[in-house]
Amino acid sequence: MDLNNATSEQLIQLEQSLSEQYQQLQALKLNLDLTRGKPSAEQLSLSNALDGILNGDYISKDGTDTRNYGGLEGIIESREMGATVLDMPIENILAQGSSSLTLMYQLMSTAYFFGLTGKQSAWHLAQEVSVICPVPGYDRHFSICEQLGIKMINVPMTSNGPDMDVVESLIKQDSSIRGMWCVPKYSNPTGVVYSDQTVERIAKLGQIAHKDFRVFWDNAYAIHDLSDNPVSLSSIFSACDQANTQDSVLQFASTSKVTLAGAGVAFLGASETNLKGFKAVLGVQTIGPDKTNQLRHARFFEKPESLKAHMKKHAQIIKPRFDSVLAHLEKEFSNTDLGKWESADGGYFISFDTQKGLAKKVVQLAADAGVKLTPAGATFPYGNDPEDSNIRIAPTVPTVKEVDQAMQIFTLCVKLASVQQRL
Ligand SMILES: Cc1ncc(COP(=O)(O)O)c(C=O)c1O
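Residues in the sequence shown are numbered consecutively from 5, following our numbering.
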């Protein structure tokens, strides 16, 4: 559909035909939902064997009775798992409760209120505190900053990761910058994997940024590949070692989308200095994490290769849903300028950019035709997408048939909104 060269008459005809199709689909009174970035019940069932796996043996391999208090850093088996997922030495890993988001909140609030390297490093001592937010991004990262009163600075995502020219020049100019959010692999929502060069440039930010600057490296989708030959993410830990900026990056991951989203294990990977600063604050908040659940996970993934095999099963379940989304987008919009998207090889999302000023309209049209989408703007700080163009599609929960139906409606809504805009 080339709207640029269409005459007004052609546009009117097209609008009529698309509106008719829209009304027909509306009459079906469907109730479909592409908003939920969570595992489907089928995926959760892959981990049912966690229940009862301990069978009365609660002792971890170093002799810890996991039922009791203590063990702030997490049991050794879980720290080993975190070391594998984050590709870091075990000494740099803490294993905690089910949510990495909680850990991110705790790390950012520790940096803000108490400082990670002593009282003088507390961010709140500065007149203004800002954090760089690659956009579109993960709304819950933005909510943390909003709650702490931290200013957010948008930086556009490219197909290699955040636009590093912009990031570097902001850091050089703006002394209020203390942090940066990153989802380096299968970014939420664009699906982009940061290139080697981007990783290297991020590791070097610690050389030019404020000494209390921290990158929040949220590797939520570190092992969530959909293809057999996934693009690999280069190690930020090694890059920081090379650049001598070990303290500038905090890494996070969890088993939320590996085992159970509400009952998994979360990991922090950080330098010795950062761990010391964080543990001083964490030790006031808790006597220790849920080590029994950590041991369940350790037993569940005891055999070498079992984690990889498990993630393959996830991929088998969700890949057809991603394929359906991509097939619809390609069929309707390749060779047009009506939308842009990245082909996701993993993670939980596909993000779609309409032409400027149409995202809210498309989301509304889809809702009126029975397809729920994440509110337009949610992928930007303060819920404000300045171009009103980004829409996040989360296809893991609906069935393949439902994704297929929902995408028929979605693509029709994009076309209808685009034609109406021209008219
Ligand atoms: C990028 C990203 N980070 C973190 C989370 C939440 O992780 P957790 O369940 O470990 O708190 C999500 C969930 O959607 C996510 O997309």
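Quick reminder that beta carbons are idealized off the backbone N, C-alpha and C, glycines included.
Point to revise | Extent of the continuous alpha helix (DSSP H) run through residue 242 | key: Run containing residue 242: 240–247, per the alpha helix (DSSP H) assignment.
Review point. Could you give the distance in angstroms between the alpha-carbon of residue 56 and the alpha-carbon of residue 42?
Key: Each residue's alpha carbon lies about 24 Å from the other.
Check your understanding: Would you report the Cα separation of residue 331 and residue 323, rounded to the nearest angstrom?
Key -> Near 12 Å, if we compare the C-alpha coordinates of residue 323 and residue 331.
**Study point:** Cβ pair count under 8 Å reaching 3, the segment 148–167 against the segment 188–198
**Key:** Result yes; three or more Cβ-Cβ pairs closer than 8 Å.
Practice item. Express the C-alpha separation of residue 303 and residue 61 in angstroms, rounding to a whole number. Key: Straight-line Cα distance between these residues: approximately 10 Å.
Exercise for review: Confirm the yes/no value for this check: CB of residue 265, any heavy atom of ligand 1, distance under 7 Å.
Suggested key: If you check the C-beta of residue 265 against ligand 1, you find a heavy atom less than 7 Å away.
Check your understanding: Taking three-plus beta-carbon pairs below 8 Å as touching, is the segment 223–232 in contact with the segment 83–92?
Key -> The segment 223–232, when compared against the segment 83–92, does touch it at the 8 Å Cβ threshold.
Check your understanding: Can you tell me the Cα-Cα spacing of residue 65 and residue 284, whole angstroms?
Key -> Each residue's Cα considered, the two are about 26 Å apart.
Check your understanding: In terms of alpha-carbon separation, which member of 249, 241, 174 lies closest to residue 208?
Key -> Answer by Cα proximity: 249.
**Study point:** the segment 199–207 contacting the segment 242–260, beta-carbon criterion three pairs below 8 Å
**Key:** In short, these stretches touch, since the Cβ pair count reaches three.
Practice item. Can you grab the Cα-Cα spacing for the pair residue 136 / residue 20, in whole Å? Key: About 44 Å.
Practice item. Check residue 233 in the structure and name its three-state DSSP category. Key: Of the three classes helix, strand and coil, the one that applies to residue 233 here is coil, per DSSP.
Review point. Which of helix, strand or coil does DSSP assign to residue 170?
Key: Helix at residue 170.
Check your understanding: Apart from the five residues on each side of it in sequence, which residues of its chain come closer than 6 Å, Cβ to Cβ, to residue 275?
Key -> Answer for residue 275: 250, 251, listed in chain order.
Check your understanding: Grouping DSSP H, G and I as helix and E and B as strand, with all else coil, what is residue 305?
Key -> Residue 305: coil per DSSP, three-state reduction.
Exercise for review: For the alpha helix (DSSP H) holding residue 426, just list the boundary residues, first then last.
Suggested key: Start and end: 404–426.
Exercise for review: Can you give me the Cβ contacts of residue 29 inside the same chain, cut-off strictly under 6 Å, excluding the 5 residues immediately before and after it?
Suggested key: Within its own chain, the residues whose Cβ lies closer than 6 Å to the Cβ of residue 29, once the five positions on either side in sequence are excluded, are 373, 413, listed in chain order.
Exercise for review: Let me know the secondary structure DSSP gives residue 316 once reduced to three states.
Suggested key: In this structure, residue 316 counts as helix in the three-state DSSP scheme.
Review point. Quick one: what does DSSP say residue 396 is sitting in, helix, strand or coil?
Key: Reduced to three states, the DSSP call for residue 396 is strand.
Review point. Over what stretch of residues does the alpha helix (DSSP H) that includes residue 158 continue unbroken?
Key: Here residue 158 belongs to no alpha helix (DSSP H); instead the beta strand (DSSP E) covers 155–162.
Practice item. Excluding the 5 residues preceding and the 5 following residue 101 in the sequence, name in chain order all residues of the same chain whose CB lies nearer than 7 Å to its CB. Key: Counting only Cβ-Cβ distances below 7 Å, and skipping sequence neighbours, we find 270, 293, 294.
Review point. When the distance is taken between beta carbons, is residue 182 closer than 8 Å to residue 133?
Key: Yes, they are a contact pair.
Check your understanding: Does DSSP put residue 359 in a helix, in a strand, or in coil?
Key -> DSSP, reduced to helix, strand and coil, places residue 359 outside both helices and strands of the structure shown, so it counts as coil.
Exercise for review: Go ahead and pull the three-state DSSP assignment for residue 40.
Suggested key: Taken through DSSP and simplified to helix, strand or coil, residue 40 comes out as coil.
Check your understanding: In the DSSP assignment, what are the bridge partners of residue 135?
Key -> Within the DSSP bridge table, the entry for residue 135 names 156, 183 as partners.
Exercise for review: Could you tell me if the beta carbon of residue 116 falls within a distance shorter than 7 Å of some heavy atom in ligand 1?
Suggested key: Incorrect: residue 116 has no Cβ contact closer than 7 Å to ligand 1.
Review point. Which residue or residues does DSSP assign as beta-bridge partners of residue 165?
Key: According to DSSP, residue 165 bridges with 162, 163.
Practice item. Per DSSP, which residues does residue 56 bridge with? Please list them. Key: According to DSSP, residue 56 bridges with nothing at all.
Review point. Within 10 angstroms of its Cβ, does residue 253 collect 16 or more other Cβ (buried), or is it exposed?
Key: Buried: at least 16 other Cβ atoms inside 10 Å.
Practice item. Tell whether a beta-carbon distance below 8 Å holds between residue 15 and residue 427. Key: Contact: yes.
Practice item. Compute the minimum distance between the beta carbon of residue 258 and the heavy atoms of ligand 1, and state whether it is under 7 Å. Key: In terms of side-chain proximity, the C-beta atom of residue 258 is found nearer than 7 Å to a non-hydrogen atom of ligand 1.
**Study point:** CB of residue 363 within 8 Å of CB of residue 354, strictly
**Key:** The Cβ atoms of residue 363 and residue 354 lie no closer than 8 Å to each other.
Practice item. Could you pull out every residue in the same chain whose Cβ sits closer than 7 Å to the Cβ of residue 105, ignoring the five residues on either side in sequence? Key: 144, listed in sequence order.
Check your understanding: Under the three-state reduction of DSSP, which class applies to residue 376: helix, strand or coil?
Key -> Note: residue 376 maps to strand in three-state DSSP.
Review point. On the three-state DSSP scale, how would you describe residue 122?
Key: Strand.
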